[in-house]
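Visitor: Pasting a structure here, questions to come.
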Amino acid sequence: QVDTLDGFLTHFLRKEYGTFRLYSGNEGSQMGDQLVQALVLYCRNFQMESTLYLGAPLALVGVVLCAHESVKAKSVGCFGMALTMAFTFYMVVFHSLSNL
């Protein structure tokens, strides 16, 4: 029924199909446990396989330098900080919605 607002939202957001919840068959685990496990696996893969142990230290140096520049300039208009916050938001939201 799409003639009501609730029916339209159910149809538009595809709630019956779980569009915003990825499925892997592991329905029994808690969301917080899944989020932590997914983030640990992502970080482990990023560190060991994707960047040959250089990614995390370089990212940390970049964040520290950007924070230092923001403090020195007495502003928070740093593109690097916005990028870091967007990446953090993406990681938490994606891994909390995925059941992988």
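Residue numbers (our numbering): 1 to 100. For glycine and all other residues, C-beta sits at the position ideal for the given N, C-alpha and C.
Measuring straight from C-alpha to C-alpha, what distance separates Cys43 and Ser70?
Guide: Their backbone Cα atoms lie some 27 Å apart in a straight line.
Visitor: As a quick exercise: from Thr4, Val36, Phe12, pick the residue whose alpha carbon is nearest that of Phe94.
Guide: It is Val36.
Visitor: Using C-beta distances below 8 Å, list every residue in its chain close to Phe8, excluding the 5 sequence neighbours before and after it, in chain order.
Guide: Excluding positions up to five away in sequence, the list reads Val2.
Visitor: Pull up the distance between the alpha-carbon of Glu49 and that of Ala56, whole angstroms please.
Guide: If you take the alpha carbons of Glu49 and Ala56, they lie about 12 Å apart.
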